[in-house]
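In our numbering, the protein residues as written are 16 to 1060. Just so it is clear, CB atoms sit at the ideal spot from N, CA and C, and this is done for glycine as well. Small disclaimer: the values here were computed from a predicted structure and weren't measured. Here is the structure we will look at.
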Amino acid sequence: MITFESVIARRDWENPQSFQANQLAGHSPLNHFVSLDDALKKQNSSRVSLNGDWKFNLYAKPELVPAEFIAVGFDDTAWNAIRVPSNWQLEGDEFTLLEGEEEGKRDNPIYANIKYPFEINPPFVPQDNPTGCYRRHFSISKAELEMQTRVVFDGVNSAFHLWCNGKWVGYSQDSRLPAEFDLTSYLSLGENTLSVMVLRWSDGSYLEDQDMWWLSGIFRDVTLLSKPHCQIADVFVQPKLDACYRDAVLDAEITLVNPHHHQVQMQLFDGLTPVSEPVIAGVQNRVVDEKGGWDDKVFLSTTIRQPKHWSAEVPNLYRCVITLIDEQGLSVDIEAYDIGFRNLDIQSGQLRLNGKPLLIKGVNRHEHDQHKGHAIDEQSMIADIKLLKQSNFNAVRTAHYPNHPRWYELCDEYGLYLVDEANVETHGMFPMERLSVDPQWAGAYMMRMTKLVERDKNHPSVIIWSLGNESGQGGNHNAMYAWTKQRDPSRPVQYEGGGADSSATDIICPMYSRVDQDQPFPAVPKWAIKKWISMPDETRPLILCEYAHAMGNSIGSFDKYWQAFRQYPRLQGGFIWDWVDQGIVKQDQQGHSYWGYGGDFNDSQNDRQFCINGLIFPDRTAHPTLFEVKYCQQPYQFALLSEQTDKSTLRWDIEVTNEQLFDDSSQYSFYWTLLEDGMPVALNSEALKIAADSSFNWKIRCDYLLKAGCDYQLNIDVKLIADNRWAEAGHTIATEQFKVINQQSLVIASSPTKATPIEITETDEQWLIHFADKQQLSWNRKNGELVGWDKTGKPLLAAAPKDNFYRAPLDNDIGTSEADFVDPNAWVTRWGNVSLGEWDKECYSCELNKLADKVQVSSRFAYRVGQQLMALTCWQYLVDIDGSVTLTVDVQFSEHLPPLPRVGIELALNPDIVYSDVAWYGLGPFENYPDRCAAARIGYYQKPLSELFTPYIYPTESGLRCKTQWLEVGNITVKGEFQFSINAYSSQQITDVKHPNELVEEGAVYLRLDHQHMGVGGDDSWSPSVHDEYLLQDKHYRYQLTISG
């Protein structure tokens, strides 16, 4: 008998060759349906959930766990009840207090991107190893006692020992794969007790160094499953279309336990309707392993005529039912699987599905819940899938581990392609491949791959196997690759860690390779993707496993990737990093909620906000970046072939290309709208019939006479006609906008302007300009600033307008600075080197000139750091008789300055005048930047002030709207060609705070009017990634704005 003390003494959690004990072999998910009707309707499975309240206590290390906790009669009344599934670090203070440690010490969440949160000394882990002990009582009936009963833990982090009724059952590592134990010999009639000892750290933790929170506990479902002793143990269903993709062969490999003289039957159903006759066979092959054990195999095959195909666009599923039949013809055991008919291959350097080359519109997705951490439920999975489909994604990489089993079923049903990834990452190891080349770890590597494949092999959504992430390259990967190709030759296998020269990948799958720029790193060079596919002897497809790092205000130049993907057939898309911000809800001292990141949970070793790099916030609301991604990935593309706009009947010929490979356009309506100065003046919709993977010439005709002096756009919107599974009727799947050429000449008739007397009052300190309507402007004669602008007695300004060259740094501006080291190439470092934002300002000239019907005020400024000149600016105000001010600004920068983030002005407005929505004519409605504005459209927009600030979890510059021609903020109107942002916070405050809840209104509304604004970048977030054309590299700028009060 294995005692508790011997379990503690042998320290399985520090032995790389002891990663599982007494577990059942990996296999396809099992349910044991008792009838065909149940199997078809997916009901009355023999699974019993053990989710719910478990008794729990946390100890500082396994050596402090009392041996008696495994006993049936152990008194656990003083223990707290914890919900399962969950991560104990997020369940409240009562679950994180470490028993056996100094008073008040807690076990907290830890965020790390690369560094291990403990000393690297594999296979050893910290002696202070928080250990969670769980207890759960359950009942077993007489009928269940006569069957084989197993317990399945779908996910436990990081390792655990299991006891049943005081007897040791087994041990498990790999926090993301099911651990399954046969409890039959341990059970008794009536009440039984499970005791689980979960260790926070194990040698398995060295293989799970992914970019996510380190959290612990039983965080996925726990179930009991009772099956007959004579049973179906595994099923591998392999649907194969013929060379013409017309008919199919359905093969199945069934593994049996104790089959006696039983037979196995296979039948295929479409819903409840059979589409094949039953196929029956007995045991044909007994496979004996090296220990003398054996599996009994049955192989079945049948032909299916003209099955409906499965794809992410049209996810047709069939139900394959496998029945074990005894000598009397009675059903003994029934298992059933949803399957899809689709063939995968690589031909001519392209990954193909059913003969069609795929274009992967993918994203990396961590399993994350803002409250529960890694414990996610079906509702959140469905919400993610719907939002993914609505945002034109067709693929997900399960970064970087096997996902919850239900996720795969849902992706089969809704239609998503999956790269299914093994739970292997050793990013913080030096060298990274240290464990990958070590034979002592080979078994652990292989277990993580083999159990993944065996669990998920029947899912049509899984189109690629992945050997893991960022673990270097070694013999352990080669073994994983070889086994996987032998076990499942129907799918390609990928792995980025060895570089494209590795033989352990069927796909070139680099991360963060750029479109045109090489990154010739010595170990694993990252060539420009266009170059990569043209290299000699390289014939594989290229699909980026990670690209477009979506950290905060990012995704600049994303459209360039998609131009390349569409231009070069072997560039087949990629997976954005990543889907969701991994923020965890916290409350500040005032009770305000905010999302915490690294360092917010007393985790002293952390990587700050590097877990905050999603396209969506933790509550699943969209970042502005998601709109750009949706547009670039949209399945309909539009090209203007011709237009005629000089007559009363307007004509446009537009080529519409349906990029979908398997679905036509029948479920969509195609809308066009003619906008006049941003307002609709004509519109219509049509139901276009566009076959899959084809184009159509759409002829739009509109009876409307364009007006002279007006600005026109033609908007295109493609919308769902009726509800479908993932979106409601009216959902927009694709958009486009074309500028309409207006050939109507504008004749401006001169009309006398009623003169409004302008009075000038001059003192030693200021010039004061008065108008008859009680408007007045005042300049400080010494510092040259416009210090007052009142209208009807109400001040418009809270402070003088000023030059604005600074922005609150983006994550992409910061790069690795302030994290691991100061990066001299990071924009924030380069700006800091010239003290941007801290320049001393001096007015060296200020003049007022009275013209015929205007007043001109000119102020000249010099900006210095010490004695070094940084910039010269000239502000020329031209005050018209109607009270408007035309401001011309001339800027000359010193030659030694790096490109700056912006060139413009900032107006600090009196908040009392911002009494209504902000309205503008320009790009919108969402935030857009010069290198991220493909999805935005010219129009008239109106939003509350609060909606023009994007509350990024790590506060940065936000809210810009580009190509603006007209803006109205309360009493103020601005005209010209500019970009603007507006919010209630100064750039300095945004820079200084670490979370949005720390921001406080400062008695002003800050309106930033930019002539030029630097791009945001986003090819990655740790090196300068703004493309040259979006850098402000000129040293001289001149621009003009007209402002009315």
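Please state the DSSP three-state secondary structure of N180.
Here residue 180 is taken as the residue at index 165 of the sequence shown, counted from 1. Note: N180 maps to coil in three-state DSSP.
Can R412 and F153 be called in contact, C-beta distance under 7 Å?
Locating residue 412 in the sequence shown gives position 397, counting from the first residue. Locating residue 153 in the sequence shown gives position 138, counting from the first residue. Against a cut-off of 7 Å, the Cβ pair of F153 and R412 comes out as no contact.
So, with DSSP's three-state summary, where would you put W200?
What you label residue 200 is simply residue 185 of the sequence shown in a count that begins at 1. It is Ser, not Trp, that sits at residue 200 in the sequence shown. S200 falls in the helix class under three-state DSSP.
Residue closest to L912, alpha-carbon to alpha-carbon, out of D1025, H1051, C179:
Within the sequence shown, the letter at position 897 stands for residue 912. Checking every option, the nearest Cα to that of L912 belongs to H1051.
Considering only their Cβ atoms, is the gap separating Q32 from A194 smaller than 7 Å?
Within the sequence shown, residue 194 is the residue found at index 179, counting from 1. Within the sequence shown, residue 32 is the residue found at index 17, counting from 1. Not a contact, by the Cβ cut-off of 7 Å.
Would you report the Cα separation of D471 and V477, rounded to the nearest angstrom?
Position 456 of the sequence shown, counted from the start, is the residue given in the question as residue 471. Position 462 of the sequence shown, counted from the start, is the residue given in the question as residue 477. Taking the straight line joining both Cα atoms gives about 8 Å.
Are there 16 or more other CB atoms within 10 angstroms of the CB of S657, so buried, or fewer, so exposed?
Here residue 657 is taken as the residue at index 642 of the sequence shown, counted from 1. Exposed: under 16 other Cβ atoms inside 10 Å.
Roughly how many angstroms separate the alpha carbons of S1086 and F941, rounded to a whole number?
Any question about residue 1086 goes unanswered here, given that the chain covers just 16 to 1060.
Within this structure, are the beta carbons of L884 and S850 separated by less than 7 Å?
Counting from 1 along the sequence shown, the entry for residue 884 is found at position 869. Counting from 1 along the sequence shown, the entry for residue 850 is found at position 835. Not closer than 7 Å, so no.
By alpha-carbon positions, which one of V1041, P417, C524 ends up nearest to I829?
Your numbering for residue 829 matches position 814 in the sequence shown. For the residues V1041, P417, C524, the minimum Cα distance to I829 belongs to V1041.
For G490, the three-state DSSP class (helix, strand or coil)
Within the sequence shown, the letter at position 475 stands for residue 490. DSSP places G490 in helix when its eight states are reduced to three.
So does the stretch 223-233 actually touch the stretch 622-637, counting three or more Cβ pairs closer than 8 Å?
yes
Let me make sure I understand the geometry here. Which of K255, G107, Q142 has the alpha-carbon closest to that of G370?
Along the sequence shown, one-based indexing puts residue 370 at 355. Taking only the C-alpha atoms, the option nearest G370 is K255.
What do you reckon, are the CB atoms on Y612 and K601 nearer than 7 Å?
To locate residue 612, count along the sequence shown from 1; it is residue 597. To locate residue 601, count along the sequence shown from 1; it is residue 586. Against a cut-off of 7 Å, the Cβ pair of K601 and Y612 comes out as no contact.
Just list the residues that DSSP pairs V213 with in beta bridges.
Position 198 of the sequence shown, counting from 1, holds the residue named residue 213. In the DSSP output, where bridge partners are listed per residue, V213 has G147, F175.
When burial is assigned at 16 or more other CB atoms within 10 Å of the CB, is E292 buried or exposed?
For this step, residue 292 is matched to residue 277 along the sequence shown. With fewer than 16 Cβ atoms within 10 Å of its Cβ, E292 is classed as exposed.
Presumed contact (8 Å Cβ cut-off) between N30 and P132, rounded CB distance:
For the purposes of this step, residue 30 is taken as residue 15 along the sequence shown, with counting starting at 1. For the purposes of this step, residue 132 is taken as residue 117 along the sequence shown, with counting starting at 1. That pair is no contact at about 21 Å.
Which residue comes first and which comes last in the beta strand (DSSP E) that contains V22?
Against the sequence shown, residue 22 aligns to sequence position 7. Taken as a continuous stretch (DSSP letters only), V22 belongs to no beta strand (DSSP E), being part of the alpha helix (DSSP H) at 19-25.
Within 7 Å, strictly: CB atoms of N72 and C179:
As a first step, residue 72 must be located in the sequence shown, where it is residue number 57. As a first step, residue 179 must be located in the sequence shown, where it is residue number 164. No, the pair does not count as a contact, with Cβ atoms beyond the cut-off.
Could you pull the start and end residues of the alpha helix (DSSP H) that A814 belongs to?
The residue given as residue 814 occupies position 799 in the sequence shown. Per DSSP, A814 belongs to no alpha helix (DSSP H); it is in the beta strand (DSSP E), 812-819.
For R796, is the classification buried or exposed, using 16 other Cβ atoms within 10 angstroms of its Cβ as the cut-off for buried?
As a working mapping, residue 796 is identified with position 781 in the sequence shown. So R796 counts as buried.
Identify the continuous alpha helix (DSSP H) that holds V468 and give its terminal residues.
As a position in the sequence shown, residue 468 is number 453, starting the count at 1. From DSSP, the alpha helix (DSSP H) with V468 extends over 457-471.
List the endpoints of the continuous beta strand (DSSP E) containing I269.
One-based indexing of the sequence shown puts residue 269 at position 254. Its beta strand (DSSP E) spans residues 263-272.
What three-state label does DSSP hand T288 in the structure shown?
Position 273 of the sequence shown, counted from the start, is the residue given in the question as residue 288. In this structure, T288 counts as strand in the three-state DSSP scheme.
Measuring CA to CA, which of E1013, L1014, Q1048, Y1021 is closest to G1030?
Mapped onto the sequence shown, residue 1030 falls at position 1015. When each option's Cα is compared against that of G1030, the closest is Q1048.
Measuring from the CB of L703, is there a heavy atom of the ligand FMN at a distance below 6 Å?
Only the bare structure without any ligand can be found here, which leaves the ligand FMN out of the picture.
Identify the residues that DSSP records as bridge partners of W667: which are they?
For the purposes of this step, residue 667 is taken as the residue at position 652 of the sequence shown. DSSP output for W667 lists E658, I715 as bridge partner(s).
I'd like to know whether the C-beta of Q659 is nearer than 7 Å to at least one C-beta of chain C.
The structure shown contains no chain C, having only a single protein chain.
Assuming contact is defined by CB atoms lying nearer than 7 Å, are T672 and S710 in contact in what I supplied?
Residue 672 sits at position 657 when you count from the first residue of the sequence shown. Residue 710 sits at position 695 when you count from the first residue of the sequence shown. Contact flag set, yes.
Buried versus exposed call for C4 [16 or more other C-beta atoms within 10 Å across all chains shown]:
There is simply no residue 4 to check, as the chain begins at 16 and stops at 1060 in what is shown.
Can you tell me where the beta strand (DSSP E) with W890 in it begins and where it stops?
The residue you call residue 890 lines up with position 875 of the sequence shown. Start and end: 883-894.
If we count Cβ pairs, one from each stretch, closer than 8 Å, do we get three or more for the stretch 452-460 versus the stretch 475-492?
yes
Is the beta carbon of I375 sitting closer than 7 Å to the one on A410?
Position 360 of the sequence shown, counted from the first residue, corresponds to residue 375. Position 395 of the sequence shown, counted from the first residue, corresponds to residue 410. In contact: I375 and A410 (Cβ atoms closer than 7 Å).
What does the alpha-carbon distance come out to for the pair L811 and R235?
In the sequence shown, the residue the question calls residue 811 occupies position 796. In the sequence shown, the residue the question calls residue 235 occupies position 220. Taking the straight line from one Cα to the other gives about 57 Å.
Please list the terminal residues of the continuous beta strand (DSSP E) segment that includes E983.
Counting from 1 along the sequence shown, the entry for residue 983 is found at position 968. Counting along the chain, the beta strand (DSSP E) containing E983 begins and ends at 976-984.
Going along the chain, which unbroken runs of the beta strand (DSSP E) with 3 or more residues stay wholly within the stretch 365-393?
365-368, 375-379
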